[in-house]
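Protein sequence lines, in the order shown, are assigned to chains S and F.
Just so you know, we're using the numbering used here here: the first sequence kicks off at 1 and counts up by one.
Just so you know, we're using the numbering used here here: the second sequence kicks off at 400 and counts up by one.
By construction, the Cβ of each residue, glycine as well, lies at the ideal position given by its N, Cα and C atoms.
In what follows, a structure is listed as structure tokens, so that the remarks can point back to it.
Protein chains: 2
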Amino acid sequence: MPVTDANDGRPLAGVTVIDITQVVAGPFATMNLGDLGAEVIKIEAVGRGDRSRSITPNPEYFDTINRNKRSIEVNLKSEAGQEIVRKLTAEADVFVESAKPGRMEAFNLSYEELREVNPELIYCSISGFGRDSPYEELPAWDMLVQAMSGIMSITGEEGGQPLWSGLPSGDLITAMYTNQSVIAALYARERGVIDSEWIEVPMLDAAISWLSARAGHTFGFDEPFPRLGTRHPTISPFGVYSCSDDNIVIAAGTDSLFEELCRVIDREDLLEDDRFETGTDRAENYAALDAEIEAVLENDTADAWIDRLQAERVPAGPINDTKTVWEDEHVQRRELHQVMERPGREDADVIDHPIHFTSLVTELARAPEELGESTADLLARLGYDDAEIDELREDGVVG
Amino acid sequence: MPVTDANDGRPLAGVTVIDITQVVAGPFATMNLGDLGAEVIKIEAVGRGDRSRSITPNPEYFDTINRNKRSIEVNLKSEAGQEIVRKLTAEADVFVESAKPGRMEAFNLSYEELREVNPELIYCSISGFGRDSPYEELPAWDMLVQAMSGIMSITGEEGGQPLWSGLPSGDLITAMYTNQSVIAALYARERGVIDSEWIEVPMLDAAISWLSARAGHTFGFDEPFPRLGTRHPTISPFGVYSCSDDNIVIAAGTDSLFEELCRVIDREDLLEDDRFETGTDRAENYAALDAEIEAVLENDTADAWIDRLQAERVPAGPINDTKTVWEDEHVQRRELHQVMERPGREDADVIDHPIHFTSLVTELARAPEELGESTADLLARLGYDDAEIDELREDGVVG
Chain S
1 MPVTDANDGR
11 PLAGVTVIDI
21 TQVVAGPFAT
31 MNLGDLGAEV
41 IKIEAVGRGD
51 RSRSITPNPE
61 YFDTINRNKR
71 SIEVNLKSEA
81 GQEIVRKLTA
91 EADVFVESAK
101 PGRMEAFNLS
111 YEELREVNPE
121 LIYCSISGFG
131 RDSPYEELPA
141 WDMLVQAMSG
151 IMSITGEEGG
161 QPLWSGLPSG
171 DLITAMYTNQ
181 SVIAALYARE
191 RGVIDSEWIE
201 VPMLDAAISW
211 LSARAGHTFG
221 FDEPFPRLGT
231 RHPTISPFGV
241 YSCSDDNIVI
251 AAGTDSLFEE
261 LCRVIDREDL
271 LEDDRFETGT
281 DRAENYAALD
291 AEIEAVLEND
301 TADAWIDRLQ
311 AERVPAGPIN
321 DTKTVWEDEH
331 VQRRELHQVM
341 ERPGREDADV
351 IDHPIHFTSL
361 VTELARAPEE
371 LGESTADLLA
381 RLGYDDAEID
391 ELREDGVVG
Chain F
400 MPVTDANDGR
410 PLAGVTVIDI
420 TQVVAGPFAT
430 MNLGDLGAEV
440 IKIEAVGRGD
450 RSRSITPNPE
460 YFDTINRNKR
470 SIEVNLKSEA
480 GQEIVRKLTA
490 EADVFVESAK
500 PGRMEAFNLS
510 YEELREVNPE
520 LIYCSISGFG
530 RDSPYEELPA
540 WDMLVQAMSG
550 IMSITGEEGG
560 QPLWSGLPSG
570 DLITAMYTNQ
580 SVIAALYARE
590 RGVIDSEWIE
600 VPMLDAAISW
610 LSARAGHTFG
620 FDEPFPRLGT
630 RHPTISPFGV
640 YSCSDDNIVI
650 AAGTDSLFEE
660 LCRVIDREDL
670 LEDDRFETGT
680 DRAENYAALD
690 AEIEAVLEND
700 TADAWIDRLQ
710 AERVPAGPIN
720 DTKTVWEDEH
730 VQRRELHQVM
740 ERPGREDADV
750 IDHPIHFTSL
760 VTELARAPEE
770 LGESTADLLA
780 RLGYDDAEID
790 ELREDGVVG
């Protein structure tokens, strides 16, 4: 819900973020900062804007990651444009950029330069590999990061090729670390631990940190974590199972869940079967166990089995796609699919912020804007008058 | 690097976190809070501990997500055990739990009860679906969340089954939202916006928020986002390509990157080919384009092609696995694989915190502990003397 006062429960109320990022990683990060109450000012290239504005479907692709931001078109190659960014930054708290290392220096918008106009600035640089990397000059693409980090190697069918996960995980992991780091820096600044800060978020390093327990497999067994489709190397029953009309997933990886599963499918004889006695036995004989389970599941529909299994608290559910997920009972009750109205334009479809606070609030305050929708407003706030704004437009400094 | 003083550059220096979570989501979250300088006190079940202590390989699985924590064994079913947790929480800032909704109430450790001993507490509840969900009683497993959220539906071979991504993404997304929310609440508390807070992080909702632009596809085209292996629906060349000895990935999704790629593989004739003129043409005729490219790549090794492509800044790279990733030049230079020494035990292999601060610091201060390693220390800090501690142990209240 929109809120208006400064000390109103929004965790980042009063925080202003200057956002010179595009595509997914940076925009998803700053959208979250906006959800938490920050004012986000999105600097976009004159006449072109964020590259994701031209990715199809348009504007839906852009809209899902750019609510709660004000769009201003500025030509960063012009001195007058750089001056506008400096003025905006002077009154801001956070500056996030995702240009290639060195690019912001070329625009006279480096950390060192902006700290001169704002000695309390939290400056955050997102890039594929960071400075001082052998890949510093390499453009970072999410799929490249998934490949180099090892994430692709553990995704895919057993015996098949490594697969890109359908989500741009490299970008999104980076976004989440960006926010964790920026908010931590704001907290440290508030407590006087720092005056100012420069944070560097390298996508590859962020993605590698997520290997976590998968890397543990390698540290312990000195072998790569295997690619097994939806099978789990040490847990069974676990994975995708066919019913009469559709697939479902089941994850019954403890003794008690296995017992409950066997009761629900009326196969308590499996509990007496030597092949399935312990968790280790079941993981070893997973193929035989899966065959026994599917032989029963094939006698009824996916919905019927899900109802019966969930009623006994066996972790089982449907494999939703990006269309059916919005019809899910939980998703409907939570109203996760939200529509934001935009005067004079079609409504924007967005996904609500997923976290529930009790005293604090998150907000969907501002629908995704058109390119440069707030240019005049923001320039006026900086003290430019109408004649000056017109001149800046004519000179191609703003759009 | 270990640091010792309070106001020493650690963003969360002086913050104490009580952690009653297990397996991946909660522990990965609190590990990050520890990296940022918080003291994390991990409450574990007497004699059993975090379930991930028994997941193979042991202790490597556990070690990768449990550094920077002190382990204390407490029986939460005993009143004396609950009293110990209350005393620890009275002096803490943050309390994170991942029990099923209602479970903490049964232990007399609900938000309402703990706020009485600590009116400034930030209390965070991680669960599969949160309260008031039709699935409230359903145990949350990462794979179930990936299935129900739609993530699985977009992962997998074209025409093949939906696949679990090898990473426990549902758990890890939840962990990142936990930290973003907890640190934002600490910031809000520091500024006097709130006294105290109860945060609820539902895994399913968190995972669905990551659909972002993939959901945009559905909002715009009214169809599910397709499952395409490593192919991108609107970008080509993009994906896995065979060289003479191994596969590589290439993502050359702009005109200029395509031009550079053609130059590197000495096929500038492709730039004159009508089928490949625009990005849309290339996406449409991706199969023909991929065949042309692979015909050249098959004449040399993966390493040779990666060197040539990267030298011209074409996004291309190897598909590392969880073993080869540590040999990567960038990963070696950053020393992302760290070894933490533990007196009397084998060293712990961990992955370094991925974010670089300039004034602030992160730390690998405390190697993953054995179950109950800090029980006596922490009880002594609360004022229990040796005789009392012995009695608590005899009574099975602590371990």
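About 5 Å separates the beta carbon of residue 163 of chain S from that of residue 155 of chain S, a gap short enough to meet the 8 Å contact definition. Residue range 238-242 is occupied by the beta strand (DSSP E) that includes residue 239 of chain S. One thing to note: residue 76 of chain S has its Cβ within 9 Å of the Cβ of residue 109 of chain S. For residue 321 of chain S, the C-beta contacts it makes with chain F under 7 Å involve 549, 552 and 623, in order along the chain. Only those residues of the stretch 522-537 of chain F whose C-beta falls short of 8 Å from the nearest C-beta of chain S are listed: 528, 529, 531, 532, 533, 534, 536 and 537. DSSP places residue 347 of chain S in the strand class (E or B) of the three-state scheme. Sequence-distant partners of residue 318 of chain S (beyond 5 residues in either direction) whose C-beta falls short of 7 Å from its own C-beta, in its chain, are 248, 302 and 306. Under the Cβ distance rule, residue 119 of chain S does not count among the residues neighbouring chain F, no pair being separated by less than 9 Å. Only exposed fits residue 742 of chain F, as fewer than 16 other CB atoms lie within 10 angstroms of its CB.
Bounds of the alpha helix (DSSP H) holding residue 578 of chain F are 568-589.
Taken through DSSP and simplified to helix, strand or coil, residue 264 of chain S comes out as helix. For secondary structure counted as the beta strand (DSSP E) over 3 or more consecutive residues, the stretch 506-539 of chain F holds these complete runs in sequence order: 521-526. Residue pairing by DSSP places residue 471 of chain F opposite F:442 in a beta bridge.
When DSSP reads this structure, residue 598 of chain F sits in a beta bridge with F:523.
Bounds of the beta strand (DSSP E) holding residue 494 of chain F are 493-496.
Taking residue 482 of chain F as the centre and dropping the five residues before and after it, the same chain places no C-beta closer than 8 Å to its C-beta.
Nearest CB-CB separation between residue 497 of chain F and chain S: not below the 9 Å threshold. With a threshold of 16 other beta carbon atoms within 10 Å, residue 278 of chain S falls short and is exposed.
Shown in chain order are the members of the stretch 456-484 of chain F whose Cβ falls below 9 Å from a Cβ of chain S: 456, 457, 458, 459, 460, 461, 462, 463 and 464. Along the stretch 156-181 of chain S, going in chain order, the ones with a CB nearer than 8 Å to a CB of chain F are 156, 157, 160, 161, 162, 163, 164, 165, 166, 167, 168, 169, 172, 173, 176, 177, 179, 180 and 181.
Under the 9 Å criterion on CB atoms, residue 342 of chain S is classed as non-interfacial with respect to chain F. Residue state for residue 465 of chain F is assigned as coil, using DSSP reduced to three classes. Its chain contains 16, 17, 18, 41, 118 and 121 as the residues whose beta carbon lies nearer than 8 Å to that of residue 92 of chain S, once the 5 sequence neighbours on both sides are disregarded; these appear in chain order.
Across the stretch 755-768 of chain F, CB contacts with chain S closer than 7 Å involve 755, 756, 757, 758 and 759, in sequence order along the chain.
Three or more beta-carbon pairs separated by less than 8 Å link the stretch 633-650 of chain F to the stretch 681-699 of chain F, which places the two stretches in contact. Looking at F:778, F:784, F:703 and F:586, the one whose alpha-carbon comes closest to that of residue 486 of chain F is F:778. Collapsing the DSSP output to three states places residue 252 of chain S in coil. In the DSSP assignment, residue 19 of chain S is bridged to S:42 and S:96. In this structure, the straight-line span from the alpha carbon of residue 332 of chain S to that of residue 310 of chain S is close to 18 Å.
A residue is called buried when at least 16 other Cβ atoms come within 10 angstroms of its Cβ; residue 298 of chain S does not meet this threshold and is exposed. One finds 163 in chain S with Cβ atoms closer than 7 Å to the Cβ of residue 628 of chain F, taken in chain order. Under the Cβ criterion of 9 Å, residue 399 of chain S is not counted among the residues facing chain F. Look at residue 558 of chain F here: in three-state DSSP terms it is coil, with no helix or strand label.
Secondary structure note for residue 544 of chain F: its alpha helix (DSSP H) is the uninterrupted segment 541-548. If you compare the alpha carbons of S:99, S:114 and S:168 with that of residue 138 of chain S, the shortest gap goes to S:99. Three or more Cβ pairs closer than 8 Å define a contact, and the stretch 754-768 of chain F meets that threshold against the stretch 429-445 of chain F.
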